[in-house]
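**Q** Residue numbers (our numbering), protein chains in the order written: chain E, 1 to 288; chain C, 289 to 608. The beta-carbon is built from N, C-alpha and C at its ideal position, and this holds for glycine as well. Structure below; questions to follow.
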């Protein structure tokens with residue numbers, strides 16, 4: 001038995017992991033998370049902003065991190081729309097514009113167009129598109145946005161858009177919300193945007209980045225939503241405050257946490273089993 | 289027949305039979321996408337780039353908007369059970385392509401194969417092409433042409449370029465530096481390519497140094513100067529010892545100091561310094577462990593999303 005387990009083909013582990021993830025999806029098992037302090041602070045900050053506040057929504061990710069970040073991008077946007085904040089969408093990633101379009105069409109237009117209080121382009125939300133220059137683009141965006149770009153993503157002059165009246169850049173915003181998939185992302189926005197220009201900032205990030213961003217909270221980040229778990233926490237807080245978002249169809253993060261929990265259980269079991277096999281093998285060799 | 293070939297053949301055969309059964313026996317089929325045609329009438333909003341719907345009954349011939357009314361057909365995703373839904377071939381092809389490419393990538397878990405290689409080559413090619421197009425429009429056109437020749441940009445590429453904009457001659461500097469990068473192909477002018485690189489290295493180093501000092505050095509030191517004994521005010525207004533916050537602050541300060549000691553090499557790591565340094569190693573190991581666990585979490589989420597796509601959008605076995 002010990003020899004069999006020692007030489008077990010790793011593809012059986014892949015299969016077990018596939019099943020641990022697939023079965024909860026097929027059975028529709030979700031998992032509501034208890035909010036952590038940093039997620040709760042992010043929600044509280046957006047909630048406390050007066051209606052009509054200017055929020056710079058920087059969605060710096062692409063399809064490779066969509067699974068983790070889209071649920072939180074939707075939740076932040078949904079929350080800001082509910083509070084009637086003015087949203088300025090942009091991205092530092094060349095592959096980011098489709099993520100902006102998807103968020104706008106799904107949440108801003110899809111959910112609020114038929115709500116009786118639709119969000120109007122140029123007055124309530126704006127798509128500034130892609131800003132080239134990676135980390136170098138952050139400082140100009142915050143100090144003088146028009147220096148980097150004179151038109152929005154559709155080629156309309158920024159001067160022709162009512163939302164841009166009296167707005168020079170990020171320093172005129174009440175909050176920067178960054179959804180970060182890597183470089184450039186939340187770290188660069190803290191280093192070149194929020195800290196030097198003293199602009200409040202909150203971030204949502206992938207699990208890979210989370211440990212790099214924790215030190216910035218709470219002094220340099222008003223809130224931090226980390227990984228899919230953070231997204232599920234934010235959805236839970238939003239659903240509590242706005243019960244119309246309690247159904248699972250609005251809560252991608254919550255749904256994905258169900259599969260996540262079972263995968264984690266399997267992994268803990270495999271780690272324990274692996275260590276037990278290792279110890280048993282060593283003892284066996286010692287006896288011989 | 290080899291064992292592996294047998295397994296592959298059986299898997300493909302099972303898959304094909306399952307897809308065939310679902311396609312024939314179920315109403316929804318496999319990956320079939322349906323849309324609903326909606327006739328819309330309204331006024332074209334140039335700012336939004338779409339037709340804003342207006343009820344034609346509310347506009348009379350005398351209304352100035354009457355002659356500006358436009359009609360169009362809009363196709364939207366059909367809801368389950370919608371009897372007016374029509375089959376969309378283009379959307380169906382898209383779903384099938386995405387599903388097959390996902391399976392091609394998954395096949396690598398069994399072993400490297402031609403399907404995986406094909407999908408991998410496709411993503412590299414598409415990404416490179418996409419990046420080139422984005423760079424052309426957002427850098428060459430938006431950054432240079434609009435600034436250096438606004439009239440040409442307005443007539444040829446970006447009609448909304450504001451009239452009366454002056455040429456910004458300063459943008460000639462990055463343009464010249466950019467062109468100099470290609471000098472590396474000149475047999476006698478290779479050295480010219482070093483100038484733009486020197487500019488990039490110099491400015492990047494300067495920018496990073498300033499931002500690091502402000503955001504990561506000064507601000508982080510400030511965030512670490514914390515009271516180790518914290519008192520809070522309870523509901524009755526009395527000062528009480530806040531043991532939770534005190535413990536949190538002690539752990540944070542001790543973690544920073546012990547980790548820094550580990551990287552302090554001017555003193556030999558023996559005796560008290562050695563023990564503190566050892567504790568620092570433990571703090572670092574816990575950090576790496578947390579980082580690794582969060583990375584695993586990210587990868588499982590990716591798998592979850594792809595399986596959701598396969599089960600929901602392609603096979604239609606979950607989500608109605």
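Could you work out which residues of chain C lie near residue 159(E), taking near to mean beta carbons separated by less than 8 Å?
**A** Looking up residue 159(E) in the first chain gives position 159. What residue 159(E) touches in chain C: 450.
**Q** Looking at the C-beta of residue 397(C), does it have a partner C-beta in chain E at a distance below 8 Å?
**A** The count along the second chain starts at 1 and reaches residue 397(C) at position 109. Yes, because at least one Cβ of chain E sits closer than 8 Å to the Cβ of residue 397(C).
**Q** Report whether the distance from the Cβ of residue 363(C) to the nearest heavy atom of the ligand ZN is below 7 Å.
**A** For the structure depicted, the ligand ZN is absent and the ligand set is empty, with no information on it obtainable.
**Q** Closest to residue 465(C) by C-alpha separation, out of 572(C), 452(C), 480(C) and 553(C), would be which residue?
**A** Along the second chain, one-based indexing puts residue 465(C) at 177. Here the closest residue by C-alpha is 480(C).
**Q** Put residue 427(C) into one of helix, strand or coil per three-state DSSP.
**A** Residue 427(C) sits at position 139 when you count from the first residue of the second chain. The answer is helix: DSSP assigns residue 427(C) an H, G or I state.
**Q** So, for residue 95(E): in the same chain, excluding its five sequence neighbours on each side, which residues have a beta-carbon less than 8 Å away from its beta-carbon?
**A** Looking up residue 95(E) in the first chain gives position 95. Closer than 8 Å at the Cβ level, and outside the excluded window around residue 95(E), lie 62 and 63.
**Q** Taking residue 260(E) as the reference, which of 24(E), 241(E) and 242(E) has the closest Cα?
**A** Working through the first chain from its first residue, we reach residue 260(E) at position 260. Ranking 24(E), 241(E) and 242(E) by Cα distance to residue 260(E) puts 24(E) first.
**Q** When the cut-off is 8 Å and only beta carbons count, does residue 599(C) lie next to chain E?
**A** Counted from its first residue, the second chain places residue 599(C) at position 311. Chain E contact via Cβ: present.
**Q** Which runs of the beta strand (DSSP E) at least 3 residues long sit entirely within the segment 149-204 of chain E? Give them in chain order.
**A** 175-180
**Q** From residue 499(C) to residue 38(E), what distance separates their C-alpha atoms?
**A** Numbered from 1 along the second chain, position 211 holds the residue referred to as residue 499(C). Numbered from 1 along the first chain, position 38 holds the residue referred to as residue 38(E). Spanning the two alpha carbons is a distance of roughly 24 Å.
**Q** Verify the CB distance criterion: does residue 179(E) have a CB-CB separation below 8 Å to chain C?
**A** Residue mapping note: residue 179(E) aligns to position 179 of the first chain, counting from 1. No, because no Cβ of chain C sits closer than 8 Å to the Cβ of residue 179(E).
**Q** For residue 434(C) and residue 133(E), I'd like the C-alpha separation in whole angstroms.
**A** The residue given as residue 434(C) occupies position 146 in the second chain. The residue given as residue 133(E) occupies position 133 in the first chain. Approximately 17 Å between the Cα atoms of the pair.
**Q** So which residues of chain A does residue 345(C) contact, with C-beta pairs closer than 7 Å?
**A** Any reference to chain A falls outside this structure, whose protein chains are E and C.
**Q** Against chain E, does residue 459(C) count as a neighbour if the rule is that its beta carbon must be under 8 Å from one of theirs?
**A** Residue 459(C) sits at position 171 when you count from the first residue of the second chain. No, because no Cβ of chain E sits closer than 8 Å to the Cβ of residue 459(C).
**Q** Inspect the CB distances between the segment 274-286 of chain E and the segment 31-48 of chain E and report whether three or more fall short of 8 Å.
**A** Because the criterion of three Cβ pairs below 8 Å is not met, the segment 274-286 of chain E and the segment 31-48 of chain E do not touch.
**Q** Quick one: list the residues of chain C neighbouring residue 291(E), beta-carbon separation under 7 Å, in chain order.
**A** Outside the shown range of chain E, which is 1 to 288, sits residue 291(E), and nothing can be said about it.
**Q** For residue 245(E), which residues of its own chain have a beta-carbon under 8 Å away from its beta-carbon, when the five flanking residues on both sides are left out?
**A** Sequence index remark: in the first chain, residue 245(E) carries index 245 (1-based). Excluding positions up to five away in sequence, the list reads 78, 235, 238, 239 and 251.
**Q** Between residue 589(C) and residue 268(E), is the Cβ-Cβ spacing less than 8 Å?
**A** Here residue 589(C) refers to the residue found at position 301 of the second chain. Here residue 268(E) refers to the residue found at position 268 of the first chain. The criterion of a C-beta distance shorter than 8 Å is not satisfied by residue 589(C) and residue 268(E).
**Q** Quick one: residues in its chain with C-beta nearer than 7 Å to the C-beta of residue 123(E), no 5 flanking neighbours on either side, listed in chain order?
**A** Locating residue 123(E) in the first chain gives position 123, where the first residue counts as 1. If we look at residue 123(E) and ignore the five residues flanking it on each side, its Cβ neighbours are 162 and 163.
**Q** Could one say the Cβ of residue 596(C) lies closer than 8 Å to chain E's Cβ atoms, at least one of them?
**A** The residue labelled residue 596(C) in the question sits at position 308 within the second chain. With 8 Å as the cut-off, residue 596(C) counts as an interface residue toward chain E.
**Q** Ordered along the chain, which non-local residues of its own chain (more than five positions away) have a Cβ less than 7 Å from that of residue 355(C)?
**A** Translated into positions along the second chain, residue 355(C) becomes position 67. Excluding positions up to five away in sequence, the list is empty.
**Q** Give me the subset of the segment 416-448 of chain C whose CB atoms are less than 8 Å from a CB atom of chain E, sorted by chain position.
**A** Within the segment 416-448 of chain C, the qualifying residues are 418, 419, 422, 423, 426, 427, 430, 431, 434, 446, 447 and 448.
**Q** Give a yes or no on whether the C-beta atoms belonging to residue 226(E) and residue 253(E) are separated by under 8 Å.
**A** Your numbering for residue 226(E) matches position 226 in the first chain. Your numbering for residue 253(E) matches position 253 in the first chain. In this structure, residue 226(E) sits away from residue 253(E), with a CB-CB distance that is not shorter than 8 Å.
**Q** Rounded to whole angstroms, how far is the Cβ of residue 277(E) from the Cβ of residue 6(E), which I believe are closer than 8 Å?
**A** By 1-based counting over the first chain, the position of residue 277(E) is 277. By 1-based counting over the first chain, the position of residue 6(E) is 6. So it is a contact: roughly 6 Å between Cβ atoms.
**Q** Decide if residue 91(E) is buried, meaning its Cβ has at least 16 other Cβ atoms within 10 Å, or exposed.
**A** Indexing the first chain from 1 puts residue 91(E) at position 91. With 16 or more other Cβ atoms within 10 Å, it is buried.
**Q** Looking at the structure shown, is residue 414(C) part of a helix, part of a strand, or coil, going by DSSP?
**A** Taking the first residue of the second chain as position 1, residue 414(C) is located at position 126. In the displayed model, residue 414(C) falls within a helix according to three-state DSSP.
**Q** List, in chain order, every chain C residue whose beta-carbon is nearer than 7 Å to that of residue 195(E).
**A** Taking the first residue of the first chain as 1, we reach residue 195(E) at position 195. Simply 502, 503 and 507.
**Q** Against residue 578(C), what residues of chain E qualify as contacts under a CB-to-CB distance less than 7 Å, listed in chain order?
**A** Indexing the second chain from 1 puts residue 578(C) at position 290. The answer, in chain order, is 211.
**Q** Give the interface partners of residue 593(C) over in chain E, defined as CB-CB distance under 9 Å, in chain order.
**A** Start at 1 with the first residue of the second chain, and residue 593(C) comes out as number 305. The contacting residues are 66, 67, 68, 70, 252 and 256.
**Q** Apart from the five residues on each side of it in sequence, which residues of its chain come closer than 7 Å, Cβ to Cβ, to residue 444(C)?
**A** Counting from one through the second chain, the residue named residue 444(C) turns up at place 156. Answer for residue 444(C): no residue qualifies.
**Q** Rounded to whole angstroms, what's the CA-CA distance from residue 586(C) to residue 484(C)? Just pull it up for me.
**A** Here residue 586(C) is taken as the residue at index 298 of the second chain, counted from 1. Here residue 484(C) is taken as the residue at index 196 of the second chain, counted from 1. Near 38 Å, if we compare the C-alpha coordinates of residue 484(C) and residue 586(C).
**Q** Could you name the residues of chain C that residue 192(E) contacts, counting a contact when the two beta carbons are closer than 7 Å?
**A** Within the first chain, the letter at position 192 stands for residue 192(E). Chain C residues near residue 192(E): 499.
**Q** So which residues on chain C does residue 219(E) lean against when the C-beta distance must stay under 9 Å?
**A** On the first chain, residue 219(E) is found 219 positions in, with the first residue counted as 1. The answer, in chain order, is 507, 508, 510 and 511.
**Q** Within the same chain, show all residues whose beta-carbon is closer than 7 Å to that of residue 142(E), passing over the 5 residues directly before and after it, in chain order.
**A** Reading the first chain from its first residue, position 142 is the one you call residue 142(E). Closer than 7 Å at Cβ, skipping near neighbours: 169, 170, 171, 193, 197 and 199.
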